RNA sequence: GUCCCCAUCAUCUAGAGGCCCAGGAUGCGGCCCUUUCAAGGCUGAAACGCGGGUUCGAAUCCCGCUGGGGACACCA
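In my numbering, the protein residues as written are -16 to 477.
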């Protein structure tokens, strides 16, 4: 363990690929608490080394959501700092230089194996019931020969040269000593063909150059930590302390996922969870106040923060308890003035109201009917009638299946606007060979619980992805639920 | 499959050898309060996965099993 007394610097390093994740806020909160407790700095670094998936839109949403949640960082792409740039795509020369250095030191090597060969290799290994992993073909070749091939135009990557013998020890602040046999560690790609680093390289290089002292991250990373340890050693750098936090879980204990839980921070903002309540709730995932208090502020958490109080069982993210806690804040700590302000901001901003007005004004002729007509613009769930969900000639099963398919496509599609939605809807209807209205009518009912509404996709765009997604899922559940109990149930035939 | 991590009520957890026939909170049931619904108060059901050790004594330490999770990409 390093005995250095460097000033504490910690970071979170989300990748901007999709909606801002509640797990990012969770890990961020613990990093923040740790940094504050020790008078250190908390940094946000954007890990956008995956060119195919990273987007600026997603990155902006991360900034926004963290700001909303009150998880404030001291340094980051949008606010700068002395160790920038804080976006990995802007640090490329550094990784390339360091990768070359590692090759020079003999701890990494160039590899010209094609993705096709690797794919075939994996297939073979799978068939032979061996563990998948790089076979070291280029590792054992004469470097001059490989260089010649590269000079001739062959694309190449740089791989970590993992010792074939021995063990690599990871020291985790919560778990102690964890050993990994080197022969079980793959020769990880460090620099991709496109010249971008992989997570492993970028992460280690940046943590070193940004003088990160403690890496506090999700448990999912623990098995790749030996690679990082090897990298630090390979560079001759002092490694930071590692601390792997338990993962947030779905009800079935699997890693929290959007299929089974709302994972987007946007969801929590939209449904009116108070940032203070969210922080409080996240703070009790795996951690407790020494006196057992369940309601506490961020400052109180910081004052009492101690990694040693973290319990290692993966906590199930329980929406019900979050809602209870939020209710407690709403009724006990928020003044009527603050309540009004929060309501205006979260449920009825002028901006939002204006958009609703443009959709509703031509369909209503007395103001008193406004909220009734457009009730679905102002609520979370909508109680729709199962029977209304199923058009004539279609079965509940079919509709449930179609809506489920729609939700899946929504999940894959980051963008959200009426054109995208309409195209998605029409494509789905076409694929099923359905008339558009056989699909659109159930969607309308699922989203609004009504048959008469403004144009469906305008309505959905305005209501937003998070709320629409939730309502769709609720409709699916309704369709798949066993039929409501009949007072006089017919005798079952089987 | 291989490697790694984890293991107290349904859920979040307290518990670092005797204070524990296990405490708090959510959720669930009951009662009270109340014009209603909430909220609030009181109250009930509800857990140390199993088997071996160590010890005068184990939820707490050790080992095994079982169970759960995670990781095995030119994604992070």
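The beta-carbon is built from N, C-alpha and C at its ideal position, and this holds for glycine as well. Remember, predicted model here, so these are calculated numbers, not experimental data.
Residue range of the beta strand (DSSP E) that includes residue i
i, result
"residue 226", "224 to 228"
"residue 197", "197 to 201"
"residue 91", "91 to 94"
Residue i Cβ short of 6 Å to the ligand GTP heavy atom set
i, result
"residue 286", "Judged by which ligands are present, the structure shown has none, so any question about the ligand GTP falls away."
Nearest candidate by alpha-carbon position, reference residue i, set the options
i, options, result
"residue 427", "360, 415, 464 and 394", "360"
"residue 85", "187, 328 and 28", "187"
"residue 27", "20, 48 and 35", "48"
"residue 51", "138, 366 and 11", "11"
"residue 172", "333, 192, 92 and 102", "92"
"residue 249", "363, 76 and 2", "2"
"residue 269", "240, 230 and 235", "230"
"residue 34", "295, 441 and 73", "73"
"residue 211", "139, 152, 376 and 341", "152"
"residue 446", "389, 417 and 338", "338"
"residue 163", "176, 148 and 256", "148"
"residue 177", "138, 142 and 104", "138"
"residue 490", "266, 273, 293 and 457", "Nothing in the structure corresponds to residue 490, since the chain is present only between -16 and 477."
"residue 259", "40, 23 and 55", "55"
"residue 233", "43, 302 and 327", "302"
"residue 376", "196, 421 and 402", "421"
Burial state of residue i (16 or more Cβ within 10 Å)
i, result
"residue 345", "exposed"
"residue 18", "buried"
"residue 134", "exposed"
"residue 8", "buried"
"residue 235", "exposed"
"residue 37", "buried"
"residue 425", "buried"
"residue 438", "exposed"
"residue 71", "buried"
"residue 295", "exposed"
"residue 434", "exposed"
"residue 322", "exposed"
"residue -14", "Reliability of the predicted coordinates at residue -14 is poor, the pLDDT of 47 falling under 50, and no value is obtained from them."
"residue 13", "buried"
"residue 97", "exposed"
"residue 288", "buried"
Residues that residue i bridges to, as DSSP identifies them
i, result
"residue 155", "159 and 225"
"residue 70", "29"
"residue 4", "247"
"residue 478", "Nothing can be reported for residue 478: it is not among the residues displayed for the chain, which extend from -16 to 477."
"residue 270", "293"
"residue 142", "92 and 172"
"residue 238", "232"
"residue 299", "232"
"residue 164", "150"
"residue 217", "Partner(s): none; residue 217 has no beta bridge."
Segment limits, alpha helix (DSSP H) that includes residue i
i, result
"residue 172", "From DSSP, residue 172 is part of no alpha helix (DSSP H) but of the beta strand (DSSP E) over 172 to 174."
"residue 188", "182 to 192"
"residue 405", "401 to 415"
"residue 281", "281 to 287"
"residue 45", "39 to 52"
"residue 55", "From DSSP, residue 55 is part of no alpha helix (DSSP H); its letter is neither H nor E."
_List, from N- to C-terminal side, the alpha helix (DSSP H) runs of 4 residues or more that fit wholly inside the region 315 to 383._
With a minimum length of 4 residues, the continuous alpha helix (DSSP H) runs that stay inside the region 315 to 383 are 319 to 329, 333 to 343, 353 to 356 and 369 to 372.
*At which residue ranges does the region 425 to 465 contain complete alpha helix (DSSP H) runs of 4 or more residues, listed in the order of the chain?*
When DSSP assignments are scanned along the region 425 to 465, the uninterrupted stretches of alpha helix (DSSP H) that are 4 or more residues long and fall wholly within it turn out to be 439 to 446 and 448 to 463.
*Please go through the region 84 to 128 and give each complete beta strand (DSSP E) segment of 3 or more residues, from N-terminal end onward.*
DSSP runs (the beta strand (DSSP E)) wholly in the region 84 to 128: 91 to 94.
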